[in-house]
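Asker: This is the structure I want to talk about, given as structure tokens.
In the UniProt record's numbering, the protein residues as written are 1 to 458.
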């Protein structure tokens with residue numbers, strides 16, 4: 001499939017209220033793309049991973065698009081390369097300690113096997129996330145004697161998640177496992193046009209790979225569905241695609257910088273396989289394996305930042321981010337075996353992030369920093385799923401830099417993210433009118449981030 005045009009958002013309806021649904025919708029097969037939106041408590045609202053700079057983590061990403069303080073500016077605003085002090089290579093790593101407790105809030109099955117009565121089908125509570133590493137690498141260098149033209153490259157993972165609930169938990173009919181891997185390769189260039197203006201840009205050559213699994217309720221099972229009678233759905237797909245990013249940094253006075261950065265939307269056409277297995281009895285005829293594809297439209301991101309040197313040691317920082325999530329209004333999957341397209345409405349909304357921070361230079365070797373950030377979720381209450389148990393977030397962060405020598409620097413940071421409690425209430429329709437499952441969950445989440453990076457300057 002090619003790029004989908006943007007559509008007006010359809011009226012909101014609770015998903016799956018019909019008594020029966022098409023087989024593809026039942027299986028959650030649209031999640032070839034939804035796997036990439038399956039952000040439980042990730043490092044940013046939605047499924048975007050902000051952790052692309054250790055210094056940035058330490059200031060909750062305040063002022064990131066205006067600073068150009070190290071080679072990670074290739075990701076946050078490539079124009080900042082012109083502010084670097086010589087060639088730089090850096091390797092950073094972030095450990096995301098994700099915690100999400102999903103508690104059964106009264107999930108029921110109403111099927112032919114229950115005689116049409118709503119029955120609590122049971123299952124363990126959910127805690128799907130393991131500690132997750134996020135690496136990134138950047139290199140930048142000037143290509144002229146005046147240090148006015150710079151080239152750089154960044155390698156990062158801007159989206160990603162591994163969430164594994166297991167087959168026996170109560171929300172298994174919505175999801176059991178989601179895995180996403182992305183790699184973003186960003187060749188970049190920057191030019192210092194004058195003492196007060198720098199411009200930069202680059203390509204985002206991006207690979208995405210996703211796998212999604214969920215259980216399928218056997219609506220004919222006597223007494224209601226159970227892990228012993230469940231079917232199992234799996235989808236997987238991958239794709240390469242290309243986007244771009246552009247940035248400028250203004251220096252109206254020596255003590256202040258203003259940065260603007262735009263990261264384009266990227267559309268992936270995920271191609272892979274889809275299968276349904278393990279249904280028995282009369283429903284065994286529904287089992288299948290086929291090829292499929294789905295368009296996934298990732299959002300554009302626009303940032304505006306400011307950095308003001310209040311004194312020779314103290315810098316105050318601020319940033320506003322805008323995420324164009326509203327372009328993602330549905331997931332449509334096409335199948336090669338003749339099954340009808342599967343369409344799931346997402347109704348994501350545009351969202352904002354606002355951060356404030358400061359840096360204080362203790363001495364030539366040590367710099368301290370801190371910041372706070374409010375990060376708005378793009379998810380909508382009516383459509384929130386166990387794959388995206390997302391809510392608004394509040395960051396509190398601190399960090400430090402140690403200039404070990406003229407050519408080695410070490411950066412470290414810690415952040416805690418408070419995630420608002422939220423609730424999930426979904427209807428998963430059964431095969432061929434055999435009933436439905438109502439998944440209800442209370443969600444409590446939090447995130448801790450520990451980051452470390454080394455910089456080489458030469």
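Idealized CB from N, CA, C, for every residue including glycine. Please read these numbers as outputs of a predicted model, since none were measured by experiment.
(1) Would you kindly check if the distance between the Cβ of residue 452 and the Cβ of residue 412 is under 8 angstroms?
(2) Can you give the Cα-Cα distance for residue 407 and residue 364, rounded to whole angstroms?
(3) Helix, strand or coil for residue 112? Go by DSSP, reduced to three states.
(4) Would a C-beta distance cut-off of 8 angstroms place residue 168 and residue 74 closer than the cut-off?
(5) Put residue 140 into one of helix, strand or coil per three-state DSSP.
(6) Going by beta carbon distance, what residues of the same chain come within less than 6 angstroms of residue 416, once the five residues before and after it are set aside?
(7) So, are the CB atoms of residue 101 and residue 130 less than 8 angstroms apart?
(8) For residue 273, name the three-state secondary structure that DSSP assigns.
(9) Taking the alpha-carbon of residue 156 as reference, which of 315, 183, 370, 253 has the nearest alpha-carbon?
(10) Could you check the C-alpha separation between residue 329 and residue 351 for me, to the nearest Å?
(11) List, from N- to C-terminal side, the alpha helix (DSSP H) runs of 4 residues or more that fit wholly inside the stretch 315-402.
(12) For the alpha helix (DSSP H) holding residue 75, just list the boundary residues, first then last.
(13) Apply the 10 Å Cβ neighbour rule to residue 41 and answer buried if 16 or more other Cβ atoms are within range, or exposed otherwise.
(14) Roughly how many angstroms lie between the CA atoms of residue 205 and residue 270, to the nearest whole one?
(15) Any idea what DSSP makes of residue 95, helix, strand or coil?
(16) Can you tell which of 79, 268, 88 has its C-alpha closest to the C-alpha of residue 200?
(17) Let me check understanding here. Comparing Cα to Cα, which of 443, 446, 432 lies closest to residue 111?
(18) List the endpoints of the continuous beta strand (DSSP E) containing residue 430.
(19) How about residue 58 and residue 72: are their beta carbons less than 8 angstroms apart?
(20) Who are the near neighbours of residue 348 in its chain, counting only those whose CB is closer than 6 angstroms to its CB and skipping five residues on each side?
(21) In three-state DSSP terms, what is residue 82?
(22) Have a look at 354, 450, 317 and flag the residue whose alpha-carbon is nearest the alpha-carbon of residue 306.
(23) For residue 225, name the three-state secondary structure that DSSP assigns.
(24) Here's the rule I'm using: 16 or more other beta-carbon atoms within 10 Å means buried, otherwise exposed. How should residue 69 be labelled?
(25) Contact defined as beta carbons within less than 8 angstroms: I believe residue 122 pairs with residue 170. What is the distance between those atoms, to the nearest angstrom?
(26) Buried or exposed: residue 310, going by 16 or more other Cβ atoms within 10 Å of its Cβ?
(27) For residue 217 and residue 430, which I take to be in contact (beta-carbon distance under 8 angstroms), what is that distance rounded to the nearest angstrom?
(28) Between 446, 114, 405, 146, which lies nearest to residue 224 when the distance is taken from Cα to Cα?
(29) From which residue to which residue does the alpha helix (DSSP H) around residue 64 run?
(30) Based on DSSP bridge pairs, tell me the residues matched to residue 119.
(31) What is the rounded straight-line gap between the Cα of residue 461 and the Cα of residue 405?
(32) Can you grab the Cα-Cα spacing for the pair residue 160 / residue 175, in whole Å?
(33) Bridge partners of residue 187, per DSSP?
(34) In three-state terms, what does DSSP make of residue 252?
(35) Just list the residues that DSSP pairs residue 240 with in beta bridges.
(36) Whole angstroms are fine: how far does the CA of residue 312 sit from the CA of residue 268?
Answerer: Reading off the structure:
(1) Their beta carbons are under 8 angstroms apart, which means residue 412 touches residue 452 by this criterion.
(2) One C-alpha to the other measures close to 13 angstroms.
(3) Per DSSP, reduced to three states, the secondary structure at residue 112 is helical.
(4) Result no, Cβ atoms of residue 168 and residue 74 do not sit closer than 8 angstroms.
(5) In the structure shown, residue 140 falls within a strand segment according to DSSP collapsed to helix, strand and coil.
(6) These residues qualify, in order along the chain: 396, 448.
(7) No, the pair does not count as a contact, with Cβ atoms beyond the cut-off.
(8) Residue 273 falls in the strand class under three-state DSSP.
(9) It is 183 whose Cα lies nearest to the Cα of residue 156.
(10) Those two C-alpha atoms are separated by around 14 angstroms.
(11) Fully enclosed alpha helix (DSSP H) runs of 4 or longer: not present.
(12) Residue range 73-76 is occupied by the alpha helix (DSSP H) that includes residue 75.
(13) Unreliable positioning characterises residue 41 in this predicted model, as indicated by a pLDDT of 40, which lies under 50. The coordinate reading is nonetheless provided below. With 16 or more other Cβ atoms within 10 Å, it is buried.
(14) Taking the straight line joining both Cα atoms gives about 15 angstroms.
(15) Annotated three-state conformation of residue 95 is strand, per DSSP.
(16) It is 79 whose Cα lies nearest to the Cα of residue 200.
(17) The candidate whose alpha carbon is nearest that of residue 111 is 432.
(18) Residues 408-431.
(19) No.
(20) For residue 348, where only same-chain residues beyond five positions count, the Cβ hits under 6 angstroms are 325, 328, 378.
(21) In the structure shown, residue 82 sits in a helix (DSSP, three-state: H, G or I).
(22) For the set 354, 450, 317, the Cα lying nearest the Cα of residue 306 is the one of 317.
(23) DSSP, read as helix, strand or coil, puts residue 225 in coil.
(24) By the Cβ-count criterion, residue 69 is buried, with 16 or more other Cβ atoms from all chains shown falling within 10 Å of its own Cβ.
(25) Rounded, the Cβ-Cβ distance is 7 angstroms, consistent with contact.
(26) Exposed: under 16 other Cβ atoms inside 10 Å.
(27) Taking a contact as a CB-CB distance under 8 angstroms, the pair residue 217 and residue 430 counts as one, their CB atoms being some 6 angstroms apart.
(28) Nearest of 446, 114, 405, 146 to residue 224, Cα basis: 114.
(29) Where residue 64 is concerned, the enclosing alpha helix (DSSP H) stretches over 64-67.
(30) Among the bridge pairs identified by DSSP, residue 119 is matched with 109.
(31) In this structure the chain extends from 1 to 458, so residue 461 is not present and cannot be described.
(32) Taken atom to atom, the span from the alpha-carbon of residue 160 to that of residue 175 is near 16 angstroms.
(33) Answer is 153, bridged to residue 187.
(34) Looking at residue 252 - three-state DSSP - the assignment turns out to be strand.
(35) Per DSSP, the beta-bridge partners of residue 240 are 207.
(36) Between residue 268 and residue 312, the C-alpha separation is close to 46 angstroms.
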